[in-house]
Amino acid sequence: MDNNLKRSIILENYSNPFNKGLIDDPNYEKVNMNNESCIDNIDIMINIDNNTIKDIRFDGEACAISTSATSIMLKELIGKNIKDALYIIEQYENMIEERKYDDAVLGEAIVYNEIYKQPNRKKCALLPANGIKKILKNYVI
Amino acid sequence: MNRDDFPMLKNNVYYFDNGATTLKPKEVIASTVDYYENYSGNAHRGDYDISLKVDNVYENVREKVRAFINAEDASEIIFTSGATQSINMVVNGFFKHNLKKGDEVLITKAEHASLALPWFVLEKEIGIVIKYIELTNDMEVTLDNVKKSITNRTKVIALAHVTNVMGDIRPIKEISKYAHANNIYVVVDGAQSIPHIKCDVKDLDIDFLAFSAHKMLGPTGVGVLYGKYELLDKVIPTNVGGGMNTIFTSLNEYNLKGLPWRLEAGTPNIAGVIGFGSAIDYINKIGIDSISKHCAELKRYAVSKLSNLNNIDVYNPNTEGSIIAFNVRNIFSQDTAIYLNKHKICVRAGNHCAKLLKESLGINNTCRISFYLYNTKEEIDYLIKVLDNENILEESL
Ligand SMILES: Cc1ncc(COP(=O)(O)O)c(C=O)c1O
Numbered sequence: 088m089d090n091n092l093k094r095s096i097i098l099e100n101y102s103n104p105f106n107k108g109l110i111d112d113p114n115y116e117k118v119n120m121n122n123e124s125c126i127d128n129i130d131i132m133i134n135i136d137n138n139t140i141k142d143i144r145f146d147g148e149a150c151a152i153s154t155s156a157t158s159i160m161l162k163e164l165i166g167k168n169i170k171d172a173l174y175i176i177e178q179y180e181n182m183i184e185e186r187k188y189d190d191a192v193l194g195e196a197i198v199y200n201e202i203y204k205q206p207n208r209k210k211c212a213l214l215p216a217n218g219i220k221k222i223l224k225n226y227v228i
Numbered sequence: 002m003n004r005d006d007f008p009m010l011k012n013n014v015y016y017f018d019n020g021a022t023t024l025k026p027k028e029v030i031a032s033t034v035d036y037y038e039n040y041s042g043n044a045h046r047g048d049y050d051i052s053l054k055v056d057n058v059y060e061n062v063r064e065k066v067r068a069f070i071n072a073e074d075a076s077e078i079i080f081t082s083g084a085t086q087s088i089n090m091v092v093n094g095f096f097k098h099n100l101k102k103g104d105e106v107l108i109t110k111a112e113h114a115s116l117a118l119p120w121f122v123l124e125k126e127i128g129i130v131i132k133y134i135e136l137t138n139d140m141e142v143t144l145d146n147v148k149k150s151i152t153n154r155t156k157v158i159a160l161a162h163v164t165n166v167m168g169d170i171r172p173i174k175e176i177s178k179y180a181h182a183n184n185i186y187v188v189v190d191g192a193q194s195i196p197h198i199k200c201d202v203k204d205l206d207i208d209f210l211a212f213s214a215h216k217m218l219g220p221t222g223v224g225v226l227y228g229k230y231e232l233l234d235k236v237i238p239t240n241v242g243g244g245m246n247t248i249f250t251s252l253n254e255y256n257l258k259g260l261p262w263r264l265e266a267g268t269p270n271i272a273g274v275i276g277f278g279s280a281i282d283y284i285n286k287i288g289i290d291s292i293s294k295h296c297a298e299l300k301r302y303a304v305s306k307l308s309n310l311n312n313i314d315v316y317n318p319n320t321e322g323s324i325i326a327f328n329v330r331n332i333f334s335q336d337t338a339i340y341l342n343k344h345k346i347c348v349r350a351g352n353h354c355a356k357l358l359k360e361s362l363g364i365n366n367t368c369r370i371s372f373y374l375y376n377t378k379e380e381i382d383y384l385i386k387v388l389d390n391e392n393i394l395e396e397s398l
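As they're listed, the protein sequences go chains A and B.
Per our numbering, the first sequence starts with residue 88, numbered consecutively.
Per our numbering, the second sequence starts with residue 2, numbered consecutively.
See below:
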């Protein structure tokens, strides 16, 4: 993917993030991701039913990379079962951390495949993955 | 000013994060290395020449610090690991034993975590009550607002002399005078003021003062706790061990040394203290008043240039300290800082450890520029050129 296209996907997800804004619904489980190494602060809420991610929403104040990565990650994960979702997250983390990864499952998230070139952005890109994983882990038997 | 003295500046960086830490001149680095290479030994321990030299140099720095802040006696100067440790020592070694449930401590919402959190913990532990002095619209502290916050239970006023986000200078002398007339202790966080403005602890009549060497050209890991002798003498050591006792027996009899050693248990950061001494020499050579003037001029210059750009909001154009809090409009502060980093400009983004300030300021995160003596107008011109760009967000990615 060329850099201009990557940039415009990131910017689009930053300006018009998917599912931004929390709702009051007891079927959702919530986690706050206050990035310990930077200043991003994101709340994520997930509705899981029958081992499947029905919905994820988020809100918060965060940089362009964290916000867009959360927006993109949400779109990729909704509708997946827990096992597939965790697999996608693992591949995403591998990509950010420069390990071998399966790019077939990453969809739009592939736009961050060169974020390792900016080490100070890696933690931002990983923020949503860490948050969602925290909740999903509770569902793995 | 004297940019050649700072090896870091050869690395082609535009360093505007002096509020976080300052760069070190060659003299400071050299004196630290000299200790390790030529007279490495412990202090207060040996009977050999090298150890004696360590003692002399180390105690000589204590005298330099005394003179720098015009304390009455060198025994009122305690070396710590930094302002944070100094404040914790005062809160836990003195106030924990001298305050009781219901006693009120006044702070502000603009304080750094290291000044605020020790009191938060004490509130939980012994039930003191933290109250906040109201800030003006410019986030400043006035004597009037201090007076309004005082009740007959107020026992302590603890605040920064200069704040690390807005850079306002608090009227410490007036506050101390009023506080002492009402039997209230005054604890001052000098982390941002001692490097920048003349501070005379006797004239300001401060009870306890904390600051860090690394924010004034010195090494990291060294700081100072100053206290008036009669108060400092009542600080219970939160650290006990070697170097601070005169005797101990298996019957649990022990005797502690006098000030300052009682409050410096264990081997101190000798190399750091020695480097700190060189930092004070360096500042004295230039003159603290020249440093103040230089930084104030840089701030005025930068604020006026920034105000010519139509994409920048400056939150503290008028404060006297040489700190500028700003945002590029509609851009998250961290994205701005990362964009600037791509142009070799170092600024800090975030809440700057003053997490309560958003409750008053209404803004969560800012970019912070903070100057020191080696910054120049040319560097500011470069910063302005880089900020004069409509595509900062795009280029930050
Ligand atoms: C106002 C203020 N107080 C306290 C501190 C803490 O200093 P240190 O981290 O050196 O202990 C800082 C440093 O950021 C500061 O700006």
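Backbone N, C-alpha and C fix where the C-beta goes; we use that ideal spot for every residue, glycine too.
Every value quoted in this text rests on a predicted model; they were computed, and no experiment measured them.
- The Cβ atoms of B:Val189 and B:Gly94 do not sit closer than 9 Å to each other.
- Taken atom to atom, the span from the alpha-carbon of B:Glu77 to that of B:Gly228 is near 6 Å.
- According to DSSP, residue pairing for B:Lys345 in a beta bridge does not occur.
- Taking the C-beta atoms as reference points, B:Tyr375 is found nearer than 9 Å to B:Phe7.
- Annotation: the continuous alpha helix (DSSP H) that includes A:Met182 extends over Ile169 to Ile183.
- Interface flag for B:Asp336 against chain A is set, since a Cβ pair is found closer than 9 Å.
- Scanning B:Phe333, B:Ile324 and B:Tyr40 for the CA closest to the CA of B:Ile271 turns up B:Tyr40.
- Neighbours of B:Ala350 across chain A, judged by C-beta separation under 7 Å: Ile126.
- For B:Phe121, the enclosing alpha helix (DSSP H) starts and ends at Ala114 to Ile127.
- Among the residues of the segment 135 to 148 of chain A, those with a Cβ less than 7 Å away from any Cβ of chain B are Glu148, in the order of the chain.
- If you look at B:Arg369, you'll find it in the beta strand (DSSP E) that goes Thr367 to Ser371.
- Listed along chain B, the residues sitting closer than 8 Å to A:Asn207 by beta-carbon distance are Ile339 and Asn342.
- Contacts with chain A at 9 Å (Cβ-Cβ) do not include B:Asn153.
- Between A:Asp127 and the set B:Thr367, B:Glu73 and B:Ala75, the nearest pair of CA atoms involves B:Thr367.
- Of the heavy atoms belonging to ligand 1, none sits nearer than 8 Å to the Cβ of A:Ser155.
- Within chain A, the C-beta atoms nearer than 7 Å to that of B:Ser397 come from Ala151, in chain order.
- Annotation for B:Gly219 indicates a beta carbon at 8 Å or more from all heavy atoms of ligand 1.
- If one requires a minimum length of 4 residues, the alpha helix (DSSP H) runs lying completely within the segment 265 to 324 of chain B are 271 to 287 and 289 to 308, in chain order.
- Across the set B:Tyr37, B:Val66 and B:Glu64, the C-alpha of B:Tyr37 shows the shortest separation from the C-alpha of B:Ser52.
- Apart from sequence neighbours up to five positions away, the residues of its chain that approach A:Thr154 with a beta-carbon distance below 6 Å are Tyr101 and Pro104, ordered along the chain.
- Taking 9 Å as the threshold, the shortest C-beta distance from B:Leu118 to chain A does not fall below it.
- Closest in alpha carbon position to B:Tyr283, among B:Gly20, B:Tyr15, B:Lys27 and B:Phe17, is B:Lys27.
- Per DSSP, B:Phe209 is one residue of the beta strand (DSSP E) stretching across Phe209 to Ser213.
- DSSP places B:Val130 inside the beta strand (DSSP E), whose first and last residues are Val130 to Tyr133.
- A:Phe145 sits in a strand when the DSSP states are folded into three classes.
- For A:Met120, the pairing in a beta bridge is given by DSSP as A:Ile129.
- Using a Cβ-Cβ cut-off of 9 Å, B:Asn311 is close to nothing in chain A; its nearest Cβ partner there is about 21 Å away.
- DSSP places A:Tyr188 in the coil class of the three-state scheme, outside both helix and strand.
- In this structure, the alpha-carbon of A:Gly147 lies about 15 Å from that of A:Met160.
- Excluding five sequence positions before and after A:Asn138, the CB atoms of its chain that fall closer than 6 Å to its own CB belong to Asn168 and Ile169, given in chain order.
- As DSSP reads the structure, A:Lys107 sits in a beta bridge with A:Phe145.
- In chain order, the residues positioned with their C-beta nearer than 7 Å to some heavy atom of ligand 1 are B:Gly20, B:Ala21, B:Gly83, B:Ala84, B:Thr85, B:Gln86, B:His113, B:Ser115, B:Leu116, B:Ala161, B:Thr164, B:Asn165, B:Asp190, B:Ala192, B:Gln193, B:Ser213, B:His215, B:Lys216, B:Gly224 and B:Cys354.
- Counting along the chain, B:Val188 sits inside the beta strand (DSSP E) bounded by residues Tyr186 to Asp190.
- Rounded to whole angstroms, the Cβ separation of A:Ile143 and A:Ile133 is 5 Å, and the two are in contact under 8 Å.
- Taking C-alpha positions only, B:Ile88 is separated from B:Pro119 by approximately 8 Å.
- Contact annotation, B:Thr247 with B:Asn256: C-beta distance approximately 5 Å; criterion of less than 8 Å satisfied.
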